[in-house]
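Top to bottom, those sequences are chains A and B. If you use the working numbering, the first sequence corresponds to residues -11 to 59, in order. If you use the working numbering, the second sequence corresponds to residues 10 to 281, in order. These notes concern the structure reproduced below.
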Amino acid sequence: MKLIVNGKDTSVSEGLTVSQLLVEQNVKMPDMVSVELNGKILRRADFETTTLRDNDRVEFLYFMGGGRGAN
Amino acid sequence: MALTDKQVERYSRQIILEQVGGAGQEKLLSSKVLIIGAGGLGAPAALYLAAAGIGTIGIVDYDRVDLTNLQRQIIHHTGDLGTEKVISARAKIRAINPDVTVRTHQTKVSGENISEIIKQYDFAIDGTDNFPAKFLINDACYFENVPFSHAGILRFDGQLMTVLPGKTTCYRCIFGAPPPAGVVPSCSQAGVLGVLAGVIGSLQATEAIKYLLGIGDLLTNTLLTYNALTMQFRKVRLNRNPDCPLCGENLQITELQNQEQPVVCNLKDCKC
C-alpha cells in the first residue's frame, strides 16, 4: 500500500503498524518521536496497535533543542 | 508617538512597505519583545528586531560568552569573551539602534521567575537550547497569554512554530513532555551549522514583527521544518491536540511547574 510519510510517497507492506513503520523508516529513538496520523497527534501508547491504511498521511516530528549556549 | 525625521529616515525602507507604513513603525517602536537565550537563535533575532526598531527588547540569559559560542552567536564578538551574554547583547543592540530600550534579565528561567518576566512583553522568542526550558516557556506563555515563537536546531535541521496560547497548537500538543535527560542529542554533542541558527533565528524575528503588525500568515498550527543540506522547507500542518495536558480538553497542568531534567552531556566536562 502507499503512504505519504513526511510528504513523500512511500510504499509499504499491508497491515503495517506505526511502530513497524518507525523501524522500517530507520527512525532513531522511535520512543522520542511524535507521530501525526492524518492530522491527529497519536498517543505514543497507540503506536503498536495502530494499523496504517492505504493513503494515510504520516508525519514524524522530532524533538529539537539547539539555540542558546553550549551548556 | 510621532516619528522624528531621523526615525523616518532610519526606517524608510520598511515604512514604504504598504503593510508597515508610519503607523506600523510607531507600533513596533511601542512594542516589547522578550528573547529568552542570547545564543544561536536569540542573536540574529535580537539584532534584526533591534534594527527594525522594536522599542523594548528584553534579553534573558544567565551565561557568559564562551569561545565555542562565536561560531554562531553573532551578537557576541571575540572581545566579549568572558562577558555576561546579556551585557554583550545589550551593547550590540544599542550600537545598532539607540531607539531601543534593552532590559537585561541575567537569570536562568525557572518556574519561580518566568511569569514575572514574560508578562512584561507582547511577544516572546524561545531561543533556548534545552527541553525543560522549552516546556517551561510554552507553559508560562499559556498562563500569561503571551504569544511566542518556538524554535529548535540541530546539525543541519531546524524547526519553528508560532503559538498563540489557548488558540493555536502549542508545543505540548505535539511533544507532550520533556524527553529524558541525555536521550535527545544537543548541539554541543551533535553539532550545528552556525548559519542554520541565523536562518531560524531570523525567521523567529520575522514572526515577531508580523505578529506585532498584524500582517501576513503566522506559523500557527504549523511546524516549519528546514534542512540546510537539501534546502528544503516544509510546512507541517498540526492541529491542536485534545489530549494536550496543557491546553487540551482534560486539564492536567493547571499551574507552572519546574520541568525537571538533569543537564545533558556537555563535551567540555562530559561525565557520560
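Think of the CB as a built atom: it goes at the ideal place given N, C-alpha and C, for glycine as much as any other residue.
Is the distance from the Cβ of I45(B) to the Cβ of T137(B) below 9 Å?
-> Here residue 45(B) refers to the residue found at position 36 of the second sequence. Here residue 137(B) refers to the residue found at position 128 of the second sequence. For I45(B) and T137(B), yes; Cβs fall inside 9 Å.
Does any residue of chain A bring its CB to less than 9 Å from the CB of L265(B)?
-> As a first step, residue 265(B) is located in the second sequence; it is residue number 256 there, counting from the start. Taking Cβ atoms only, chain A never reaches closer than 9 Å to L265(B), which makes this a no.
Determine the extent of the alpha helix (DSSP H) in which V17(B) is found, giving its start and end residues.
-> For the purposes of this step, residue 17(B) is identified with residue 8 of the second sequence, where counting begins at 1. Here the alpha helix (DSSP H) through V17(B) covers D14 to R19.
Let me know the secondary structure DSSP gives N236(B) once reduced to three states.
-> Here the question's residue 236(B) lines up with position 227 in the second sequence. Strand.
Short CB-CB distance (under 9 Å) between F242(B) and chain C = Absent from the structure is chain C; the protein chains it does hold are A and B.
Would F51(A) count as contacting chain B if we go by Cβ distances under 9 Å?
-> Locating residue 51(A) in the first sequence gives position 63, counting from the first residue. Judged by the 9 Å Cβ criterion, F51(A) is in contact with chain B.
DSSP three-state assignment for I127(B), whether helix, strand or coil = In the second sequence, counting from the first residue as 1, residue 127(B) sits at position 118. I127(B): helix per DSSP, three-state reduction.
Element boundaries [beta strand (DSSP E), containing E47(A)] | For the purposes of this step, residue 47(A) is taken as the residue at position 59 of the first sequence. Start and end: R45 to Y50.
Output, in chain order, the set of chain A residues within a Cβ distance shorter than 7 Å of F140(B).
-> Against the second sequence, residue 140(B) aligns to sequence position 131. Correct list: F51 and G53.
Buried or exposed: which applies to R41(A), given that a residue is buried once 16 or more other Cβ atoms fall within 10 Å of its Cβ?
-> Taking the first residue of the first sequence as 1, we reach residue 41(A) at position 53. Exposed, by the Cβ-count rule.
Beta carbon of V155(B) nearer than 9 Å to that of I127(B) | Taking the first residue of the second sequence as 1, we reach residue 155(B) at position 146. Taking the first residue of the second sequence as 1, we reach residue 127(B) at position 118. A contact, by the Cβ cut-off of 9 Å.
Tell me, please, whether the CB atom of V95(B) is closer than 9 Å to any CB atom in chain A?
-> Counting from one through the second sequence, the residue named residue 95(B) turns up at place 86. False, the Cβ-Cβ gap to chain A never drops below 9 Å.
contact_flag[the segment 109 to 118 of chain B, the segment 69 to 88 of chain B] where n(CB pairs < 8 Å) is 3 or more = yes
Taking a Cβ distance cut-off of 8 Å, strictly less, list which residues of the segment 149 to 173 of chain B are near chain A, in chain order.
-> A160, G161, I162, L163, D166, G167 and Q168
For V273(B), count neighbouring Cβ atoms within 10 angstroms of its own Cβ and tell me buried if that reaches 16, exposed if not.
-> Numbered from its first residue, the second sequence carries residue 273(B) at position 264. Note that V273(B) scores 44 on pLDDT, short of 50, meaning its location in the model is unreliable and no value can be drawn from it.
Less than 8 Å between the CB atoms is what I'm expecting for I105(B) and A59(B), so what's the real figure, rounded?
-> Working through the second sequence from its first residue, we reach residue 105(B) at position 96. Working through the second sequence from its first residue, we reach residue 59(B) at position 50. I105(B) to A59(B), Cβ: 5 Å. Contact.
By how many angstroms is the C-alpha of E125(B) removed from the C-alpha of Q168(B)?
-> Here residue 168(B) is taken as the residue at index 159 of the second sequence, counted from 1. Here residue 125(B) is taken as the residue at index 116 of the second sequence, counted from 1. C-alpha separation (whole angstroms): 27 Å.
Who are the near neighbours of G210(B) in its chain, counting only those whose CB is closer than 6 Å to its CB and skipping five residues on each side?
-> For the purposes of this step, residue 210(B) is taken as residue 201 along the second sequence, with counting starting at 1. Same-chain partners within the cutoff: L50, P53 and A54.
Pull up the CB-CB distance for S158(B) and Q213(B), whole angstroms please, since I reckon it's below 8 Å.
-> Start at 1 with the first residue of the second sequence, and residue 158(B) comes out as number 149. Start at 1 with the first residue of the second sequence, and residue 213(B) comes out as number 204. Between S158(B) and Q213(B) the beta-carbon gap is near 4 Å, inside 8 Å, which marks them as a contact.
Would you call the segment 14 to 32 of chain B and the segment 23 to 37 of chain A in contact, with 3 or more CB pairs under 8 Å?
-> no
Under the three-state reduction of DSSP, which class applies to F242(B): helix, strand or coil?
-> Taking the first residue of the second sequence as 1, we reach residue 242(B) at position 233. Three-state DSSP puts F242(B) in a strand.
Under 9 Å (Cβ pairs) to chain A, residues found in the segment 180 to 196 of chain B = Within the segment 180 to 196 of chain B, the qualifying residues are C182, I183, F184, G185, P187, P188, P189, V192, V193, P194, S195 and C196.
Chain B residues whose Cβ lies nearer than 9 Å to that of S7(A) = Counting from 1 along the first sequence, the entry for residue 7(A) is found at position 19. Chain B residues near S7(A): none, gap ~17 Å exceeds 9 Å.
Should the segment 8 to 23 of chain A be called in touch with the segment 42 to 51 of chain A, which here means at least 3 C-beta pairs below 8 Å?
-> Look at the beta carbons and you see the segment 8 to 23 of chain A touching the segment 42 to 51 of chain A: at least three pairs across the two are nearer than 8 Å.
Take the Cβ of P107(B) as the centre, count every other Cβ of all protein chains shown within 10 Å, and call the residue buried at 16 or more, exposed below.
-> Indexing the second sequence from 1 puts residue 107(B) at position 98. So P107(B) counts as exposed.
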